[in-house]
Each structure stands twice: as C-alpha cells, then as structure tokens.
Amino acid sequence: MTAGLASALMSNETGYAEALDVAGYNYQEFRYAPDHARYPGRPLYGSENGMSLDAWNSVTENDYVMGQFLWTGIEYLGEAGQYPVRHSTSGLIDLAGNKKPEYFFRQSLWSNKPMVFLGTTDRIVSREPESLWAHKRVDPVWNWKEGQTISVNAFTNCSEVELFLNGKSMGTKKLADFQNRTISWDVPFEKGTLRAVARNNGNEVATSTLYTTGDAVRINASGDKQSLKSGKQDIAHVFVNLEDANGNTVYSAQNEIICEIEGPVRLLGMEDANPANTEDYKDDRQHAYHGRLLIYFQSLDNTGTAKVRLASPGLQEAILTLEVK
C-alpha cells in the first residue's frame with residue numbers, strides 16, 4: 000500500500016506514514032535525507048514532482064529513493080491560470096500528442112539510448128525552471144534575424160556534442176562541463192542548417208537537425224489507421240503538418256484549416272494544443288499551432304469509403320480516405 004504524502008512531516012507525527020508499505024513524497028525532496036535517517040527501513044519515492052533538475056538529482060544521488068513521478072506527462076484541461084489559457088501547460092506531451100522540448104530533456108535523463116535534441120532561444124536560459132512546473136524556454140526552430148546572437152541548446156545523454164552551422168563546426172562541448180545538463184553555444188544566426196552530432200568515445204551515436212524554413216505551402220495529413228470498424232466503434236487520429244516547399248514543418252504557421260467530409264465518418268474534434276485557443280473543438284475549422292493540428296474522426300453505422308478534404312487559402316490541400324468496414 001502506498002500514498003502520496005502532501006506533508007511527510009505531519010504523516011510521520013500521526014503515524015500515517017508507518018502504515019504504508021511504500022511512502023510517496025509530493026514535492027518534498029528536502030525530506031528524503033532526514034526521513035531516511037530517522038526511518039532507515041522505509042521505502043520511499045517521489046510520488047509527485049516538479050520539473051527541476053534538483054528534484055531528479057535527489058533520486059540519482061540517493062540510492063534509497065526509488066524514483067519519481069513527474070507532474071505531468073500529458074497536458075490536461077483545467078488548472079489553466081488566467082483566461083484565455085484553457086489548460087495546464089506542464090505536460091511533456093501536449094494535447095495534440097506532440098512531444099514538447101522538455102520531453103527530450105527528460106529523455107536525456109531517463110534513457111540509456113543515445114540521443115540529442117536541439118532547441119534555440121533568443122533569451123538567456125536559466126539553469127532551472129522558474130516554477131515547479133515550468134519548462135525550459137527553447138523551441139526546435141532555426142528562424143531568426145540575420146546576425147542575431149542565438150542561444151543554441153542541446154539535450155543529450157552522450158558524452159559530447161559538436162555543433163555545425165551550414166557544415167562549419169561551432170565547437171565540441173562535453174556534457175560533464177554543464178551542471179544543468181544542457182550544452183549550449185551562442186551562435187550568430189545564419190540561414191541554413193543547424194546540426195548537432197552527439198558522440199560517445201569519439202563515435203557518432205546520435206544527431207539532431209534544424210532547418211531554416213520558408214512559408215507554409217502545403218498541408219500534409221497522415222492517419223494512424225486507414226480502416227475503421229463501423230457502428231461508431233472506432234476512431235482515427237489524423238496528424239496535420241503545415242510544410243514549406245522542402246517538406247519541413249513550419250513552426251510559426253497558424254493557418255486556419257477547414258475540414259470537409261464525404262462518407263460514413265464524422266468529425267469528433269480538432270485539437271491544435273494552443274493553450275490560449277478558445278475555438279470550438281467540434282467546429283469544422285481550426286487554426287494550426289506550431290504548424291500542427293490533430294483531428295479525430297469517428298466511424299458511423301454505414302460501411303464504405305469516407306473522403307476527408309483539408310484545405311486552407313493559399314496552401315495545397317490534403318485529401319485522405321478512410322475505409323469503414
């Protein structure tokens with residue numbers, strides 16, 4: 000039996016913690032050491048924790064702490080703050096199923112599989128988030144003003160990363176030299192390709208690349224399935240990306256996408272994951288956010304082929320079919 004203790008100190012005094020097989024601590028990393036000294040046989044873990052690196056270090060630096068549960072994995076409606084924000088923004092994955100930059104920072108902490116992620120910002124990135132749930136302020140974009148000094152950040156679990164701008168090395172840096180586990184360079188912006196090469200023992204093991212994108216010219220849509228069960232028993236998720244002429248998602252694109260349907264499916268909703276979006280989920284049109292949109296379709300009672308058309312003024316439309324059987 001376990002529980003997430005909102006106040007470990009009070010739970011200790013009342014004997015509640017002693018009744019548990021495993022004690023969970025909510026946002027109380029500072030209690031780990033004193034409680035372990037007082038109750039050396041108590042199994043404990045972080046049952047709800049914020050985004051700070053210190054909270055994770057409290058796990059890795061103390062072998063009597065089993066792990067942590069991060070608040071939160073996927074964003075959710077509610078706890079929104081000031082209008083028009085409609086949902087919590089603390090998730091590693093947004094409401095449209097997209098992995099946010101903080102997801103990759105956690106991957107660098109939690110995974111042994113070699114990885115590297117590039118993000119950029121024109122602001123000074125603090126060593127730790129500004130609140131328990133705030134994310135690092137970086138975006139996977141390489142679109143800035145020519146000559147502007149940009150902070151380039153790499154999240155990685157590899158020993159070193161070399162950064163290249165249009166094929167020219169910006170230098171190799173070692174992860175061990177960055178206590179915040181975020182390798183960074185200050186780079187004058189130049190249009191083109193920004194590429195990070197991560198190495199272990201001198202061998203390339205992972206890469207991450209950002210491109211300067213042009214304007215969005217087309218809609219790219221792909222579903223997680225092409226065939227649905229009839230009788231309102233099935234749902235298809237269609238992932239929409241607004242792409243430039245080179246096929247790169249345009250992060251700044253917020254074009255309105257209009258959905259038209261022929262056949263035995265209905266539109267359940269369109270999700271852009273914009274925290275401040277107040278558009279109706281069930282409307283037949285929605286603005287993209289960061290160049291992306293998620294659309295839900297439900298099968299109807301009839302069988303047959305459903306045709307979905309996604310259009311926006313000035314963009315090449317996308318057409319896909321769903322078979323209802």
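First residue of the sequence shown: 0, per numbering that gives the first Met the number 0; consecutive thereafter. Using N, Cα and C, we set each Cβ at its ideal position, and we do this for glycine too.
Separation of G290 and D214 (C-alpha to C-alpha, rounded to the nearest whole angstrom) is 11 Å. Following the DSSP letters along the chain, one finds R105 inside the alpha helix (DSSP H) bounded by residues P100 to W109. Residue environment analysis places A153 among the buried positions, since at least 16 neighbouring C-beta atoms fall within 10 angstroms of its C-beta.
Within its own chain, the residues whose Cβ lies closer than 7 Å to the Cβ of P113, once the five positions on either side in sequence are excluded, are N156, C157, A197, N199, V204 and A205, listed in chain order.
Taking all protein chains in view, the Cβ of E159 is crowded by 16 or more other Cβ atoms within 10 Å, so the residue is classified as buried. Taking the Cα positions, N219 is about 6 Å away from A317. For W132, the secondary structure class from DSSP, reduced to helix, strand or coil, is coil. Excluding its 5 nearest sequence neighbours in each direction, T208 has C-beta neighbours in its own chain below 6 Å: R194, listed in chain order. Contact between the segment 226-240 and the segment 255-270 is present: 3 or more CB-CB pairs across the two stretches fall below 8 Å. Per DSSP, P187 is one residue of the beta strand (DSSP E) stretching across I182 to P187.
Out of G40, E322, K306 and Y31, the CA that lies nearest to the CA of D20 is found in G40. The C-alpha of V307 is placed about 38 Å away from the C-alpha of L69.
Across the set L227, L314, D300 and W141, the C-alpha of L314 shows the shortest separation from the C-alpha of Q253. Around the beta carbon of L162, a 10 Å sphere encloses 16 or more other beta carbons of the protein chains shown; the residue is thus reported as buried. In the structure shown, Y31 falls within a helical segment according to DSSP collapsed to helix, strand and coil. In the three-state reduction of the DSSP assignment, V84 falls in the coil class, being assigned neither a helical nor a strand state.
Around the CB of N240, 16 or more other CB atoms lie within 10 Å, so the residue is classed as buried. When secondary structure is reduced to three states using DSSP, T59 falls in the helix class. With distances taken between CA atoms, Q285 lies nearest to E270 out of M50, F296, E270 and S298.
Approximately 5 Å separates the beta-carbon atoms of G90 and I73; this is inside 8 Å, confirming the contact.
When only Cα atoms are considered, T13 and R37 end up about 15 Å apart. In the displayed model, M269 falls within a strand according to three-state DSSP. Taking C-alpha positions only, G191 is separated from N247 by approximately 12 Å. Here the alpha carbons of G146 and T181 stand approximately 23 Å from one another. Taking 7 Å as the cut-off, the Cβ atoms of V84 and T119 do not count as close. A220 has V239 as its beta-bridge partners, per DSSP.
Annotation: the continuous beta strand (DSSP E) that includes S46 extends over L43 to N48. Nearest Cα to K172 within the set G201, K144, S46 and P274: G201. V323 places its beta carbon 7 Å or farther from that of S183.
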